[in-house]
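All residue numbers in the sequence shown are consecutive under the working numbering, ending with 111.
For each residue, glycine too, the CB sits at the ideal point set by N, CA and C.
Values in this document were obtained by computation on a predicted structure and should not be read as measured data.
See below for the structure under consideration.
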Amino acid sequence: MAKKLRPLPDMGDRAVQMPAGVLDPEYYLTLKMALEVVAEQAAQIETLRVALNETRTDPTTVYPVIPAF
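And the structure:
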């Protein structure tokens, strides 16, 4: 399954490091997590595209495991 957005950390948590110039930590973290999800989905699409092209090239191609995204 696709990666789900994790809950935002407590803004009082000192372990949260924000880049310089970021005014709203919650906005930054939400945007960062959304971009991570988009990057993961793009990688999954690329994997499926490559597998489809390989199967078209050689219809006898057998995959032992079907990726469970």
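Secondary structure of VAL80 (DSSP, three-state): helix.
The beta carbon of ARG91 lies closer than 7 Å to none in the same chain, with the five residues before and after it left out. One Cα belongs to THR72, the other to VAL79, and the distance between them is close to 11 Å. Secondary structure of VAL92 (DSSP, three-state): helix.
Distance from the CA of ALA62 to the CA of TYR70, rounded to the nearest whole angstrom, comes to 11 Å.
Straight across, the Cα-Cα distance linking THR102 with PRO67 is about 51 Å.
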